[in-house]
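Have a look at the structure below before the remarks.
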Amino acid sequence: MPRTADPARRARLVDDIIDRLAETGVATFSLRTLAAALGRSTRVLTHHFGDKDALLRAVLDRLDERQHEALAATPGWADPAVGIGAIVRDAWDRHLSEEELPRTRLVHEIEGLAAAGRLTGHPPAFVAGRARFVARALELRGLDPGDALVRATLLNNAYAGLQADLLTTGETGRVTAALDALCRLADDWTRPR
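The structure is reproduced here in C-alpha cells:
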C-alpha cells in the first residue's frame, strides 16, 4: 500500500522546487532533471504531485499564496486611510529586491508561457485570482465590487507590464516615472471626493 503524502513535507518540497525553478525556468524542465537538481528521486516528485502538470499547479498555488501573504502584510494593506499607491510602491520594491527578483522573473515566465498557449488550465486562474485579491483592497477603500475588479485588473496588468519593461530594457528612469503615474492614478480612484 503506498504511503500517504505528508502535507508538511510536500509544502517544503514545493518551496524547494520554486527556488530551483527560479534559477532554471519552467519552459524546459522535466521531473527527472528537477529531481536530480534537488537531490531527490523522480519517484519522490510523483509521490507528492503525480505528474508535471500537478507539480506546476502546486508551484503556482504556492507563488500565489506567497504573493497574497506579502501583500496582506504590507503596512497599510487593510487601512483604508493608506493609499493604494503606497502599497503598489512597496510591492514593486519587494518584487525587484535581490532576494525576490528570481521568483518575480519566474512568475513572468509562467505568465508568458500561459499567454503563448504553452500552459493550460491553472495559469488563467492564477492571474484572475490576483485581480480578485487586489479588488478587495480597493473595495475596502470605497469602490463598489464590480468597479474594484475592473480597476484591479487594470492595475495588476499595468504593474506587470511595467515590471516586464524594466526587466527587459533596464530603463529604470522611464519605467519608474510610469510607475509613479500608475500610483497616482490608483490613489485617485480611492481618494475621497
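Numbering-wise, the sequence shown is residues 4 to 196 according to my numbering. Using N, Cα and C, we set each Cβ at its ideal position, and we do this for glycine too. Bear in mind the structure is a predicted one, so any value in this text is a computation, not a measurement.
Spatial neighbours of L16 in its own chain (CB-CB distance under 7 Å, excluding positions within 5 residues in sequence) are listed in chain order as H51.
For the pair W192 and A140, the CB atoms are not nearer than the 8 Å cut-off. DSSP places A89 within a helical segment (H, G or I) once states are collapsed to three. Here the alpha carbon of A11 sits roughly 33 Å from the alpha carbon of A155. Contact between the region 156–172 and the region 91–100 is present: three or more C-beta pairs spanning the two stretches fall below 8 Å. At least 8 Å separates the beta-carbon of D19 from that of L34.
For E112, the uninterrupted alpha helix (DSSP H) run begins and ends at L104 to A118, by DSSP. The three-state secondary structure of G173, taken from DSSP, is coil. Going by C-alpha positions, A189 is about 31 Å away from I21. Per DSSP, the unbroken alpha helix (DSSP H) holding T27 starts and ends at P10 to T27. Here DSSP, grouped into helix, strand and coil, assigns W80 to coil. The shortest C-alpha to C-alpha distance from N159 to any of T49, A30, E114 and T45 is the one to E114.
R46 sits in a helix when the DSSP states are folded into three classes. With a threshold of 16 other beta carbon atoms within 10 Å, G149 falls short and is exposed. In the assembly as shown, T107 is a buried residue. Its beta-carbon has 16 or more other beta-carbons within 10 Å. For R133, the number of other beta carbons within 10 angstroms of its own is at least 16, and it is reported as buried.
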